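Colleague: Residue numbers (the working numbering): 1 to 482.
By construction, the Cβ of each residue, glycine as well, lies at the ideal position given by its N, Cα and C atoms.
Quick caveat, the model's predicted, so the values are computed rather than measured.
Dropping the structure in here first, questions after.
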Amino acid sequence: MGTEMLKFVELEQKHPEKRAPALRRRDWGEVYDDFRPEAAADQAARCSQCGVPFCQIHCPVSNNIPDWLMLTAEGRLEEAYEISSATNNMPEICGRICPQDRLCEGNCVIEKGFESVTIGAVERYITDTAFRNGWVKPPEPRAERPQSVGIIGAGPGGMTAAEELRRLGYQVHIYDRYDRVGGLLIYGIPNFKLEKSIVRRRADLLIEGGVQMHLNVEVGRDCSLAELRARHDALVVATGAYKARDMSVPGIGLGNIFQAMDYLTASNRKGLGDDVPTFDDGTLDAHGRDVVVVGGGDTAMDCVRTAVRQGARSVRCLYRRDRANMPGSMQEVTHAEEEGVEFVWLSSPEAVLGDTLVEGVRAVRIHLGVADASGRQTPQPIPGSSYSVDADLLIKALGFDPEDLPALFDEPALETTRWGTLLIDWRTMMTSLDGVFAIGDIVRGASLVVWAIKDGRDAASAIHRYIQAKADEGAAVSRAAA
Ligand code: FAD
Ligand code: SF4
Ligand code: SF4
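Structure, rendered in structure tokens:
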């Protein structure tokens, strides 16, 4: 080992410079600045090069973390990039938005008492450096293959499958109902977590590499699944999970109550310079309003932090469990608190107040009771504990379910699970329809970008095997007939 590793003993964990909350509240820039090269090398050198790297085991794409940390510590960034990009199609995106506290960094086993290696920040630094130096290349195949694959959905799952299949030489066509490539990376996740230019440069690489984009095409409306099956040798369904869960409390039908995705999409579109439809008494914007967001996941965190940046008068997040039991990333809660969001834990809405437009929310305090079958404590309202908060904008961020694809695609033979996700054989990623594969949130339920990437990679390998097996079969039949 050329460079001295194990620097965790003398060097503290240090993330790249975090911008001050007062600055962050005023703009849409990312929270962290870039690592300086010496800082990245130092932080990478804190790794103790474990024989059994738990960080890697808990990374969904099995990133070879110790190797690229060592290469970064040695300043060999082009090699670090080669290794990092061999297992992950979007390392700079995962480095920014993976919940590292629950994945790689949360399982980093530097000795007790020392904080984990800043794996995500180094991963982001390696690939940002690679982009700056022109090391990131479009997926150009060594040889073209005649077969084509259609991918429905241009989110991270579909983009990954497209890159891998194109590299193998297939003719790849992506169909998406949106007007831009990126799925939730563009219209869900706000700029302060992931700047749009970072997603755009990935989309541009795919196009440069020959992936054909068919945007503003909704499968089930503009063309049918059957048509696409006839057009391509294999299909990938990567349509995500968009059916918003709702609340049923009195007053929920009042004006100025929105679903999180409508709110975030409007905000992201405004940032991209698009015209945004107007709602009730103005554009869908939190400026000057008392905002209440209901929910405790990543989506709720993105809503509260968006409202802060839009200049809301106050921003509250109501969640029925406590801080320790929320599904969102702890890091995001910390960012939100620093930016002035008030979290009201153990609270659940009972009614929405107002005449025509929302004026407030009546909520009840919650006690966490005994654990249910899933091991989570059941929230129980505390009688007589109701209280009200002002709200003239209410955002529901209660999670997402998959849409009813067999109905939307008019394909009753497309089997689903009892959660409505598409049923696949996990060894082949194939659905109940021959040659139709599925990946990402539509098979996992609302999940993470890194899992969609893993599925996209797995599906590309499975499709390659599937198409080659068909080609071999065809050749054998022709030989037999000759
Ligand atoms: P998507 O990204 O949803 O892409 C699906 C694509 O399919 C979309 O472009 C859609 O337009 C298209 N489509 C759907 N139906 C059709 C149709 N019928 N015809 C044509 N096209 C269609 N994950 C993280 O790891 N970290 C985070 O910080 C994080 N934050 C999040 C914040 C928010 C607000 C949300 C909603 C999610 C967040 N996630 C986060 C989850 C993550 O974005 C998803 O898990 C991931 O994007 C799933 O990828 P996908 O490719 O399966 O689907
Ligand atoms: Fe960690 Fe995500 Fe990167 Fe894996 S992909 S190393 S989990 S940040
Ligand atoms: Fe390095 Fe931590 Fe991974 Fe061990 S678990 S190899 S110390 S990053």
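1. With burial defined as no fewer than 16 other Cβ atoms inside 10 Å of the residue's Cβ, what is the status of Ser347: buried or exposed?
2. Which same chain residues end up closer than 8 Å to Val122 when comparing Cβ atoms and leaving out the 5 residues on each side of it in sequence?
3. When burial is assigned at 16 or more other CB atoms within 10 Å of the CB, is Ile189 buried or exposed?
4. Check whether the segment 448-457 touches the segment 85-94, taking contact to mean three or more Cβ pairs, one atom from each stretch, closer than 8 Å.
5. Taking the straight line between their C-alpha atoms, what separation do you get for Ser314 and Val341?
6. Measuring straight from C-alpha to C-alpha, what distance separates Thr129 and Val199?
7. Using only the alpha-carbon positions, how far apart do Thr431 and Phe437 sit?
8. Applying the 10 Å Cβ sphere with the 16-neighbour rule, what's the burial state of Asn256?
9. If you pair each beta-carbon of the segment 233-250 with each one of the segment 461-471, do three or more pairs fall below 8 Å?
10. Would you identify the three-state DSSP class for Met1, choosing helix, strand or coil?
11. For the pair the segment 356-376 and the segment 196-216, tell me if three or more CB-CB distances fall below 8 Å.
12. Is the beta carbon of Ala241 less than 7 Å from the beta carbon of Asp441?
13. Does the Cβ of Met1 have 16 or more other Cβ atoms within 10 Å, making it buried, or fewer, making it exposed?
14. Which class does His335 belong to by DSSP, given the choice of helix, strand or coil?
15. Specify which residues have a beta carbon nearer than 7 Å to any heavy atom of ligand 3, listing them in chain order.
16. Would you check if the segment 324-342 and the segment 282-300 touch, i.e. whether three or more CB-CB distances between them fall below 8 Å?
17. Given 8 Å as the limit, is there contact between the segment 252-266 and the segment 216-226, that is, 3 or more CB pairs closer than that?
18. Here's the rule I'm using: 16 or more other beta-carbon atoms within 10 Å means buried, otherwise exposed. How should Gly251 be labelled?
19. If you compare alpha carbons, which of Gly273, Asn268 and Arg323 is closest to Arg309?
20. By the three-class DSSP mapping on this structure, what secondary structure does Leu484 have?
21. Please check the pair Phe343 and Glu337, which I expect to be a contact at CB under 8 Å, by giving their CB distance rounded to whole angstroms.
22. At a cut-off of 6 Å, is Asn256 close to ligand 2 when judged by its beta-carbon and the heavy atoms of the ligand?
23. Which ranges does the beta strand (DSSP E) cover as unbroken runs of at least 3 residues, wholly within the segment 102-161, from first to last along the chain?
24. Relative to the C-alpha of Val219, which candidate in Arg177, Ala80 and Ile186 has its C-alpha closest?
25. If Leu194 sits next to Ile97, beta carbons under 8 Å apart, how far is it from one beta carbon to the other, in whole angstroms?
26. Considering only C-alpha positions, which residue in the set Asp285, Pro146, Tyr81 and Leu448 is nearest to Phe131?
27. Considering only heavy atoms of ligand 1, does any lie closer than 6 Å to the CB of Ser449?
28. Quick check on the DSSP output: what are the complete alpha helix (DSSP H) runs of length 4 or more inside the segment 179-220, in order along the chain?
29. Taking only heavy atoms of ligand 2 into account, decide whether any of them is closer than 6 Å to the Cβ of Leu194.
30. Please report how far the alpha carbon of Gln401 lies from the alpha carbon of Ile439, in whole angstroms.
31. Can you find the residues in the same chain that come closer than 6 Å, C-beta to C-beta, to Ser388, ignoring five residues on each side of it along the sequence?
32. I'd like the span of the beta strand (DSSP E) that includes Arg362, first residue to last.
33. Looking at the secondary structure, which residues open and close the alpha helix (DSSP H) in which His173 lies?
34. What did DSSP end up calling Ser347 once you bin it into helix, strand or coil?
35. To the nearest angstrom, how far is the alpha carbon of Thr306 from that of Asp472?
36. Could you pull out every residue in the same chain whose Cβ sits closer than 6 Å to the Cβ of Ala324, ignoring the five residues on either side in sequence?
Modeller: Looking at the coordinates:
1. Here residue 347 is taken as the residue at index 347 of the sequence shown, counted from 1. Ser347 should be labelled buried.
2. Residue mapping note: residue 122 aligns to position 122 of the sequence shown, counting from 1. Excluding its 5 nearest sequence neighbours in each direction, Val122 has C-beta neighbours in its own chain below 8 Å: Phe35, Ala40, Gln43, Ala44, Trp68, Leu69, Thr72 and Gly95, listed in chain order.
3. As a first step, residue 189 is located in the sequence shown; it is residue number 189 there, counting from the start. Under this definition Ile189 is a buried residue.
4. yes
5. As a working note, residue 314 is residue 314 in the sequence shown. As a working note, residue 341 is residue 341 in the sequence shown. Ser314 and Val341: Cα-Cα distance of roughly 8 Å.
6. Residue 129 sits at position 129 when you count from the first residue of the sequence shown. Residue 199 sits at position 199 when you count from the first residue of the sequence shown. Between Thr129 and Val199, the C-alpha separation is close to 16 Å.
7. Within the sequence shown, numbered from 1, the residue matching residue 431 stands at position 431. Within the sequence shown, numbered from 1, the residue matching residue 437 stands at position 437. Near 5 Å, if we compare the C-alpha coordinates of Phe437 and Thr431.
8. By one-based count along the sequence shown, residue 256 stands at place 256. Its Cβ being crowded by 16 or more others within 10 Å, Asn256 is buried.
9. yes
10. For the purposes of this step, residue 1 is identified with residue 1 of the sequence shown, where counting begins at 1. Because Met1 carries a pLDDT of 47, less than 50, the predicted location of this residue cannot be relied on, and the following value inherits that uncertainty. Looking at Met1 - three-state DSSP - the assignment turns out to be coil, as it is neither helix nor strand.
11. Fewer than three Cβ pairs drawn from the segment 356-376 and the segment 196-216 lie within less than 8 Å of each other, which leaves the two stretches out of contact.
12. For the purposes of this step, residue 241 is taken as residue 241 along the sequence shown, with counting starting at 1. For the purposes of this step, residue 441 is taken as residue 441 along the sequence shown, with counting starting at 1. In this structure, Asp441 lies closer than 7 Å to Ala241 by Cβ.
13. The sequence position of residue 1 within the sequence shown is 1, counting from 1. For Met1, the predicted model reports a pLDDT of 47, less than 50, meaning its position is unreliable; a value from the coordinates is still stated below. Classification for Met1: exposed.
14. Working through the sequence shown from its first residue, we reach residue 335 at position 335. It is helical.
15. Any residue whose Cβ sits closer than 7 Å to a heavy atom of ligand 3 makes the list: Cys47, Ser48, Gln49, Cys50, Pro53, Phe54, Cys55, Gln56, Ile65, Pro66, Leu69, Asn107, Cys108, Val109, Ile110, Ser116, Val117 and Ile119.
16. Yes, since at least three Cβ pairs between the segment 282-300 and the segment 324-342 fall closer than 8 Å, the two stretches touch.
17. no
18. Locating residue 251 in the sequence shown gives position 251, counting from the first residue. Buried, because 16 or more other Cβ atoms sit within 10 Å of the Cβ of Gly251.
19. By one-based count along the sequence shown, residue 309 stands at place 309. Residue Asn268 is the option with its Cα nearest to Arg309.
20. For residue 484 there is no data in the structure shown, the boundaries of the chain being 1 and 482.
21. For the purposes of this step, residue 343 is taken as the residue at position 343 of the sequence shown. For the purposes of this step, residue 337 is taken as the residue at position 337 of the sequence shown. Sure, about 7 Å apart at Cβ, within 8 Å.
22. Sequence index remark: in the sequence shown, residue 256 carries index 256 (1-based). Not so, every heavy atom of ligand 2 lies at least 6 Å from the Cβ.
23. Complete beta strand (DSSP E) runs here, min 3: 148-152.
24. On the sequence shown, position 219 is the one that residue 219 refers to. The shortest Cα separation from Val219 among Arg177, Ala80 and Ile186 belongs to Arg177.
25. Taking the sequence shown and counting its residues from 1, one reaches residue 194 at position 194. Taking the sequence shown and counting its residues from 1, one reaches residue 97 at position 97. The beta carbons of Leu194 and Ile97 sit about 6 Å from each other, so the pair counts as a contact at 8 Å.
26. Here residue 131 is taken as the residue at index 131 of the sequence shown, counted from 1. Checked all of Asp285, Pro146, Tyr81 and Leu448; the closest Cα to Phe131 is Tyr81.
27. Residue mapping note: residue 449 aligns to position 449 of the sequence shown, counting from 1. Here residue 449 turns out to be Val, not Ser, going by the sequence shown. Yes, the Cβ of Val449 comes within 6 Å of a heavy atom of ligand 1.
28. 184-187 and 196-208
29. Position 194 of the sequence shown, counted from the first residue, corresponds to residue 194. Leu194: no, Cβ never under 6 Å from ligand 2.
30. What you label residue 401 is simply residue 401 of the sequence shown in a count that begins at 1. What you label residue 439 is simply residue 439 of the sequence shown in a count that begins at 1. The amino acid at residue 401 is misidentified as Gln; the sequence shows Asp. Near 15 Å, if we compare the C-alpha coordinates of Ile439 and Asp401.
31. The residue you call residue 388 lines up with position 388 of the sequence shown. Here the set comprises Gly360 and Arg362.
32. Stepping through the sequence shown from its first residue, residue 362 is reached at position 362. Element bounds for Arg362: Gly360 to Ala371.
33. Locating residue 173 in the sequence shown gives position 173, where the first residue counts as 1. No alpha helix (DSSP H) contains His173, which is instead part of the beta strand (DSSP E) from Gln171 to Asp176.
34. The residue given as residue 347 occupies position 347 in the sequence shown. The answer is strand: DSSP assigns Ser347 an E or B state.
35. As a working mapping, residue 306 is identified with position 306 in the sequence shown. As a working mapping, residue 472 is identified with position 472 in the sequence shown. Going by the C-alpha atoms only, they are around 53 Å apart.
36. Position 324 of the sequence shown holds residue 324. Contacts found: none.
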